[in-house]
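The structure appears below as structure tokens.
Protein chains: 2
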Amino acid sequence: MIPQEIFKSLCRSTDSKIVLLVLDGLGDIAAEGRTPLEAAATPNLDRLAREGTLGLSDPISPGITPGSGPAHISLFGYEPIKYQIGRGVLEASGIDFQLEPGDVAARGNFATADGEGRITDRRAGRISTEENQRLITALRSEIDEIEGVKVILETVKEHRFVVVFRGEGLDGRLAETDPQALGVKSLEPRPLAPEAERASAVVKAFISRAVEVLAPEKQANSFLLRGFATPPDLPPMSELFRLRPAALAAYPMYRGLARLVGMRILPTEETPAGSFAALASQWGENDFYFVHVKKTDSSGEDGDYASKLKVIEEVDRALPAVLELKPEVLVVTGDHSTPCRLKGHSWHPNPFLLYSANVLRDETTAFSERQCVRGGLGRFPAVEAMPLMLAHALKLDKFGA
Amino acid sequence: MIPQEIFKSLCRSTDSKIVLLVLDGLGDIAAEGRTPLEAAATPNLDRLAREGTLGLSDPISPGITPGSGPAHISLFGYEPIKYQIGRGVLEASGIDFQLEPGDVAARGNFATADGEGRITDRRAGRISTEENQRLITALRSEIDEIEGVKVILETVKEHRFVVVFRGEGLDGRLAETDPQALGVKSLEPRPLAPEAERASAVVKAFISRAVEVLAPEKQANSFLLRGFATPPDLPPMSELFRLRPAALAAYPMYRGLARLVGMRILPTEETPAGSFAALASQWGENDFYFVHVKKTDSSGEDGDYASKLKVIEEVDRALPAVLELKPEVLVVTGDHSTPCRLKGHSWHPNPFLLYSANVLRDETTAFSERQCVRGGLGRFPAVEAMPLMLAHALKLDKFGA
């Protein structure tokens, strides 16, 4: 990718519209036989492949399996190594919590400790979400502020919660307090950089106050904090690419990621048909629409080939609703692969389809991993997807004279 | 490739095993007709191509012809520009001499000089190896140490020898003493950096002592030194990749290169069948095995098409012995191409075959340069081979959340 400052100078605002449809975890491997994308009946996607162009994109670089954060950030045109997103920030995004610049967020686990503070259960017996809510309410009523820093607590699910410290001069470079072992005390939130000393002192004071509040509890009388992080300083897409971007994502983590790059969050539904209808009903004000379909990924995580195939067919059936909007550019791709065989994210490159009147057509005839191998876009890092989308939407000026 | 520190944090030690089989100089061009790899009968490699995936790797970057050092170093996962290996170091490796950190090694040529020290033969009439050994013995008995620096002399072959300076505060940035012309005196080993002044003085003193010792000789009364170098500070593979690597290489230079990255050196034989048998008999303790076959390269250097084809067929016939070991990942590739037409190393990319249960199969049906063009791995820098091997062996954690 060319240097950000030069790229920025080439971007121009136009009326043309881009749709980036991310089928999360789309790519698969199917060592023998066909992948879900190959086996699914996808007449619409196949037509787009014939009239558009295909390729394979590496989320980060060959062999590297990305988390959802870096996988999406690179699709949005941000170098995933330069802009790293900490776990605490992602967890807060995952419950739609709107972080502010300078916040320090961490993931929390309620835990059980013995009389001497030694951890006996790192998940407090996986207490119910309702129990978690009761504890968070109790903590909130007792702790509001520590040394002038606002403390915000939010239930996630079961034993998991998020804590956000909001105040001046905080730095998220703190060591986790989880000893990752039983029979030992939780660790101190040590500063990992001199700038994080104040944050360390605040978190330490918070922990000791909170443990007092939890003292009467049987199961959840302690907790562990991990993944301290400050929201990355991501220049918004409006500034970097001169776009007016919007996101339709039914899952909070993806809304959170979209929010981090300055997208407007639009209401949507979980099904492909529902989200495409939501796109159609809100079409017009923005010029970049990120539409996220989660279920390809969750099917892959479950190793459920049939379900993954079915979601792809659902997307295909519903796709005419998107095509009727006549976006100047439509990209259909994954953020990372989630092969059913591996039941998790993988390093395999993403099938990538780009449909636009300005495309150099290739000889591919269907949208599949193997046809993408011989697609006209070749194999490229996912961070190049943004220049490709902007170019095909005629939103980029010439470089040099 | 992602930054080394991040990559390092993703590596994990597992029981899965990787075999990297390097057929030195494998790639060829055969402008008309077929390359040796295309013409050879290789049923086993072709099956692996069908069940695995192919690609093309550039040893350094397009158009750059590498020496054996950078070509192997990049296959081992080290940036070849960052970790340069001087000629003196390679020459020492080539005779199995074990360099220590801080040593300065150089290649030496015995030469003939006239009464006024002007070089009249830069190779001393290509004296025999026995003659060389006699001269080295004479020099050793007279020169052991210069200014507290140990001087170690080793015969290589014919007129060639290696000299190693071992002591405190030496720096290998010295100009060669070879004037690359006849009728002129040899040059001074000038320091090319201020830090190399001590080394320069030591080498200068060594040269004048050695020339005194050689004065009675008729042919080899002088010598020229080239390629002064210090062993590069290569972090071992165990540290960078959490591997327990081993090498089976019949030629000393490749053992030397393997040693530089911390591989354990296992006894082996020169033929493909012999080296695969050696691999089988020592299988188990390590999780990364580099197996080197030299004769593809030497056949290419000789322009001997038939011999190159025959070696490839020998490898293919013997390959079942490797497959029976069931490594989780098997890569078959070259370090660089050595086209018979060019009789030397070239810049052409390496045919690359990756076989693993976790592969995204492509549509290729045989292992050949031209099928590699349309392989699923695309075209990539050879330094990415290591992330790809580690990923397919499930030895890499996810990057980011």
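From first to last, the protein sequence lines stand for chains A and B. In the numbering used here, each residue carries its 1-based index in the first sequence increased by 605. In the numbering used here, each residue carries its 1-based index in the second sequence increased by 605. Where is the CB? At the ideal position from N, CA and C, for every residue including glycine.
Could you check what DSSP says for P841 of chain A in three-state terms: helix, strand or coil?
Coil at P841 of chain A, not helix or strand.
For H950 of chain A, go through chain B and note every residue whose CB falls closer than 9 Å to its CB, in chain order.
K1003
Are the beta-carbon atoms belonging to S621 of chain B and L999 of chain B less than 9 Å from one another?
Yes, these two residues count as a Cβ contact at 9 Å.
Cβ closer than 7 Å: which chain B residues qualify as neighbours of S662 of chain A?
Going along chain B, no residue has its Cβ under 7 Å from S662 of chain A, so there is no contact; the nearest lies around 11 Å.
Within chain B, the residues that Q689 of chain A reaches when beta carbons sit closer than 8 Å:
Simply G1005.
Test: A676 of chain A CB closer than 9 Å to a CB of chain B
Residue-level contact by beta carbon holds for A676 of chain A and chain B, with a gap shorter than 9 Å.
With 9 Å set as the bound, which would you pick, yes or no: does the beta-carbon of E989 of chain A sit closer than that to a beta-carbon of chain B?
Cβ-Cβ to chain B under 9 Å: no for E989 of chain A.
Going straight from the alpha carbon of S618 of chain A to that of G905 of chain A, what length do you get?
It is roughly 38 Å from the alpha-carbon of S618 of chain A to the alpha-carbon of G905 of chain A.
Can you name the residues that DSSP bridges to H897 of chain A?
A:V627 and A:A854
Mapping the DSSP letters down to three states, classify E1038 of chain B as helix, strand or coil.
Summary: the structure shown does not reach residue 1038 of chain B, with chain B confined to residues 606 through 1006, and so no result is reported for it.
Is S673 of chain A close to chain E, meaning its C-beta is less than 9 Å from at least one C-beta of that chain?
No chain E appears in this structure, whose protein chains are A and B.
Contacts around K790 of chain A, its chain only, beta-carbon distance under 6 Å, and the 5 residues preceding and following it disregarded
G722 and R723
Under the criterion of a Cβ to heavy atom distance below 8 Å, does P954 of chain B qualify as lining the ligand HEM?
Because no ligand of any kind appears in the structure shown, any question about the ligand HEM cannot be addressed here.
What separation, rounded to the nearest whole angstrom, lies between the Cα atoms of P784 of chain B and D726 of chain B?
12 Å
Taking only the alpha-carbon atoms, compute the straight-line gap between E874 of chain B and A854 of chain B and give it to the nearest angstrom.
8 Å
Output, in chain order, the set of chain B residues within a Cβ distance shorter than 9 Å of H808 of chain A.
According to the sequence provided, residue 808 of chain A is Val. The question's His does not apply to it. Those within 9 Å of V808 of chain A in chain B number zero; the least Cβ separation is about 20 Å.
Assess contact between the stretch 920-939 of chain A and the stretch 876-890 of chain A, defined as three or more Cβ pairs (one per stretch) separated by less than 8 Å. Is contact present?
yes
Does E834 of chain B pass the burial test, meaning 16 or more other C-beta atoms within 10 Å, or should it be called exposed?
The sequence given here has Ala at residue 834 of chain B, not Glu. So A834 of chain B counts as buried.
Whose C-beta lies closer than 6 Å to the C-beta of L740 of chain B among residues of the same chain, with five residues either side of it excluded?
The beta carbon of L740 of chain B is closer than 6 Å to those of A825 in its chain, skipping five residues each way along the sequence.
Just checking my contact of F893 of chain A with A863 of chain A at CB under 8 Å: how many whole Å lie between their CB atoms?
The Cβ separation is near 11 Å, so there is no contact.
How far does the beta strand (DSSP E) with A716 of chain B in it reach, from first residue to last?
V709 to A718
Distance, Q976 of chain B Cα to G861 of chain A Cα
43 Å
Measure from the C-beta of V761 of chain A to each C-beta in chain B and report whether the shortest distance is under 9 Å.
no
Proximity winner among A:T734, A:N737, A:T717 and A:E735, relative to R728 of chain A (alpha-carbon distances)
A:T717
Contacts that E781 of chain A makes with chain B (C-beta to C-beta distance below 8 Å):
Here the premise fails: no neighbours, minimum Cβ distance about 13 Å.
So the candidates are A:P877, A:M868, A:I623 and A:G879; which of them puts its Cα closest to the Cα of A851 of chain A?
A:M868
Alpha helix (DSSP H) segment containing S886 of chain A, residue limits:
P877 to S886
So does the stretch 969-986 of chain B actually touch the stretch 641-661 of chain B, counting three or more Cβ pairs closer than 8 Å?
yes
Which ranges does the beta strand (DSSP E) cover as unbroken runs of at least 3 residues, wholly within the stretch 712-771 of chain A, from first to last along the chain?
724-726, 754-762 and 765-771
Own chain, CB closer than 7 Å to Y688 of chain A, minus 5 neighbours either side, in chain order
I678, P837 and L839
Just the Cα atoms here: how many angstroms apart are R831 of chain B and P986 of chain B?
30 Å
Over the uninterrupted alpha helix (DSSP H) stretch that includes N649 of chain B, give me the two end residues.
Where N649 of chain B is concerned, the enclosing alpha helix (DSSP H) stretches over P648 to E656.
CB of I917 of chain A within 9 Å of CB of T647 of chain A, strictly:
yes
Which word fits S746 of chain B, buried or exposed, when buried means at least 16 other C-beta atoms lie within 10 angstroms of its C-beta?
exposed
Short of 8 Å Cβ to Cβ, which residues in the stretch 804-832 of chain A face chain B?
G832
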